[in-house]
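Worksheet: one structure, shown below.
2 protein chains.
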Amino acid sequence: MSETPRLTGPVEIVGTGLLGTSIALALRRAGVEVLLSDVSREHVRTASGLGAGRARTDDDRPQLVVVAVPPDLLGPVIADALERTKDIGGAAVTDVGSVKTAPLGALVGNPEVSRYVGSHPMAGSERSGPLAASAALFDGRPWAVTPHPDSDATAVHLVEELAQLCGAVAVRLSPAEHDRAVARISHMPHLLAALVAARLADAPTDHLALSGQGVRDVTRVAAGSPTLYGQIVSGNAAAVGELLVEVKADLDKLIAAITRGDRQGLEGLLAQGVAGTLAIPGKHGGPVRPTRSVFVSVPDHPGELARLFADAGESDVNIEDVHIDHDPGRPVGLVELVVDETRAEHLLSSLESRGWVTHR
Amino acid sequence: MSETPRLTGPVEIVGTGLLGTSIALALRRAGVEVLLSDVSREHVRTASGLGAGRARTDDDRPQLVVVAVPPDLLGPVIADALERTKDIGGAAVTDVGSVKTAPLGALVGNPEVSRYVGSHPMAGSERSGPLAASAALFDGRPWAVTPHPDSDATAVHLVEELAQLCGAVAVRLSPAEHDRAVARISHMPHLLAALVAARLADAPTDHLALSGQGVRDVTRVAAGSPTLYGQIVSGNAAAVGELLVEVKADLDKLIAAITRGDRQGLEGLLAQGVAGTLAIPGKHGGPVRPTRSVFVSVPDHPGELARLFADAGESDVNIEDVHIDHDPGRPVGLVELVVDETRAEHLLSSLESRGWVTHR
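Here the protein sequences line up with chains D and X, keeping their order. The opening residue of the first sequence carries number 24 in this note's numbering; numbering runs sequentially from there. The opening residue of the second sequence carries number 24 in this note's numbering; numbering runs sequentially from there.
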């Protein structure tokens, strides 16, 4: 391998579920040849049918192998990939599992370990399987790349290039740092969301009828597969357990404050929460810009939505996000246009002058 | 008052913050006269300037008074509204506070209590103040109406009509039932979101850089005002405290399962969470229909978004929701169109045939 190799392919994807197939589609989009393998021949056929590449044969010589199998299987499947590529030019091997110290631990003493560099794209979906895959899954998302002390520089470089070809932003961390980070920004939040959702499971229907966007947002991630998240959390037990003990200490304080009527204690805990929401960086790493929502009634006729966006485009205001709230029982839907706070008034008057019913 | 009175107005709004001003705007949209009052004359001027109605004078004779003040002030302000309207035709009085037994308790022994009926629109925003108000805030949302045993039927009817005029769906519950319901679907989730967010407040920046949509969703509500939520939670301490003790028992089990490596126990807790997410009704009360996301690259030129919606409209597929992911540093944005699962393939091929770059 040269000093600064390009990821020209072929890239082998082992495991054609949501992540594996999405990576394959993103690589195909970038013109890279992709070889697919999976214990399910059905999944390989499906992924291949979606344009994700072709089934791997024994004669193939991948430049990089991406292991995208369930967490419990990562160790042996990575070891297998290192083993079967050692005599055919020594491909770099990465995995895209959610935990990074556990698979590395399974490779201790493996003489080929220098060709392995862990990675973890910060993207996913509540859905799974190749049919849920998308080449766009990683666009603009962080992708952790986690070299270990013996990682080959070439392998690290190829894995960072993989992240970039998939449209993601490579973020380099040690495996241990990575695991502490995801315990905090992913595994612990997932578990707490599950505890909230668990309290809804047997709630009376007329209580649940009052559910608003808040509880839907808090619990959304808890819809993920218990088997998958059981594996992820078990693979990161130490870091997750430590954080849960911290949460428990806060929960004890919270219950005490509420029971005692200690308003100051309660507000203090809520204020820490506000500080936490402000610590999360903006979607693209920058600061969070203040936005304002502009609500517009849109008649339920084909073409009305297009007309709204045409008129919004004329007003020269950049639309940051859109939400549509369309009740099938009503002739008019409500469209929420999220725009820069300083541009909202201009957009409102511009749309009103074109005859749109806005809501202030 | 007649047996089935219509809410013809005028309606007095006491407190022109986010909720009060939004109700005022919705009533004005329905052609109802609105009278505004607030301890802040500045807020009344702002709300009035937004078209929410005019300042109340001593000669006004409201048909209904809506008290939209902070939770701690509800009792005295409701009592004041009952007192000052008793000699001028006996207006019905409601409030829109998040807790319903506490303000009722403050009215025990009040001879005018039959004219009071509590209510609670299930809508809000992380933002506050009249400038964040919207006439559309309640469209399609549940609005709890909570009569007590002595409530006058006319007053109950007028409050239900208020909910309907604001575009909401009235849901009748007793005050105690309401409080148990919101403890479960709003207050407890808010507090747990705050505990998750609190763990982020002093996290290393490169850990937070890995944040994805999941942690953003889980913690979004925790950005709400500690003072406001402190008042809300304190006003519902018994019901909230009971649920938090249940959550704590689950958290203890969770920590034990993770520490012991008890995978079955861990998956059992996660499975309860999945069941809870399935118990939440769909946005408009119906069952949740399976949707699929179609991703399209959209060049950052004015008019491109309008062209996309025009082409999507031609394909005769109903768009349920839209998300725009536009990184200012990139020439192309990514638009996610959420459609009925069975229509996704048709939309994809229809857009592709019109030259759009889609991502599968």
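Where is the CB? At the ideal position from N, CA and C, for every residue including glycine.
In the same chain as residue 216(D), and ignoring 5 residues on each side of it, the C-beta atoms closer than 7 Å to its own belong to 241, 242, 244 and 245, in chain order. A residue is called buried once 16 or more other Cβ atoms fall within 10 Å of its Cβ, and residue 301(D), having fewer, is exposed. Bridge partners of residue 35(D) according to DSSP: 58(D) and 88(D). Counting other Cβ atoms within 10 Å of its Cβ, residue 118(D) reaches 16 or more and is therefore classed as buried. One thing to note: residue 167(X) has its Cβ within 7 Å of the Cβ of residue 201(X). Annotation for residue 52(D): the continuous alpha helix (DSSP H) segment containing it runs 41 to 52. With its beta carbon at least 7 Å from every one in chain D, residue 139(X) lies outside the interface. Following the DSSP letters along the chain, one finds residue 317(X) inside the beta strand (DSSP E) bounded by residues 314 to 322. When the five nearest sequence neighbours on each side are left out, the beta carbons in the same chain lying within less than 8 Å of the beta carbon of residue 270(X) are those of 211 and 215, in order along the chain. As the crow flies, the alpha-carbon of residue 260(X) is around 21 Å from that of residue 235(D).
A straight-line Cα-Cα distance of about 58 Å links residue 289(X) and residue 78(X). Closer than 7 Å to the CB of residue 322(X) there is not a single CB belonging to chain D. For residue 198(X), the enclosing alpha helix (DSSP H) stretches over residues 198 to 205. Exposure of residue 275(D) is indicated by the presence of fewer than 16 other C-beta atoms within 10 angstroms of its C-beta.
With a 10 Å radius around the Cβ and a threshold of 16 neighbouring Cβ atoms, residue 173(X) comes out exposed. Under the three-state reduction of DSSP output, residue 292(X) falls in the helix class.
Chain-ordered, the chain X residues with CB closer than 8 Å to the CB of residue 244(D) read 237, 240 and 241. For residue 304(D), the C-beta contacts it makes with chain X under 9 Å involve 228, 231, 232 and 234, in order along the chain. Judged by pairs of C-beta atoms under 8 Å, the stretch 178 to 197 of chain D does not touch the stretch 223 to 230 of chain D, as fewer than three such pairs exist. Residues of the stretch 265 to 289 of chain D whose Cβ lies closer than 8 Å to any Cβ of chain X, in chain order: 266, 267, 268, 269, 270, 271, 273, 274, 275, 277, 278, 281, 282, 284, 286 and 289. Contiguous beta strand (DSSP E) elements confined to the stretch 118 to 192 of chain X occur at 141 to 144 and 165 to 169, taking only those with 3 or more residues.
Among the residues of chain X, those whose CB is under 9 Å from the CB of residue 209(D) are 233, 234, 235, 237 and 238, following chain order. Secondary-structure assignment with DSSP links residue 382(D) through a beta bridge to 318(D). No Cβ-Cβ contact shorter than 7 Å links residue 98(X) with residue 61(X). By the rule that beta-carbons nearer than 7 Å mark a contact, residue 345(X) touches chain D.
Cβ-Cβ distances below 8 Å link residue 157(X) to 45 and 48 in the same chain, with the five nearest sequence neighbours on each side left out; the list follows chain order. For residue 251(D) against residue 153(D), the beta-carbon gap comes to about 15 Å, at or over 8 Å, which does not count as contact. In chain order, 281, 284, 286 and 289 make up the part of chain X whose C-beta sits under 8 Å from the C-beta of residue 257(D).
Secondary-structure assignment with DSSP links residue 78(D) through a beta bridge to 59(D). When CB distances to chain X are screened at a threshold of 7 Å, the residues of the stretch 37 to 63 of chain D falling below it are 48, in chain order.
For residue 228(X), the enclosing alpha helix (DSSP H) starts and ends at 228 to 231. Cβ proximity to chain X below 9 Å picks out 327, 328, 329, 330, 331, 332, 333, 334, 335, 336, 337, 339, 341, 342, 343, 344 and 345 from the stretch 327 to 345 of chain D.
Approximately 7 Å separates the beta-carbon atoms of residue 267(X) and residue 277(D); this is inside 8 Å, confirming the contact. Residue 247(D) sits away from residue 281(X), with the two beta carbons spaced by 7 Å or more. At a cut-off of 7 Å, the C-beta of residue 262(X) has no neighbouring C-beta in chain D.
For the options 162(D), 316(D) and 207(D), the alpha carbon positioned closest to that of residue 299(D) is the one of 207(D).
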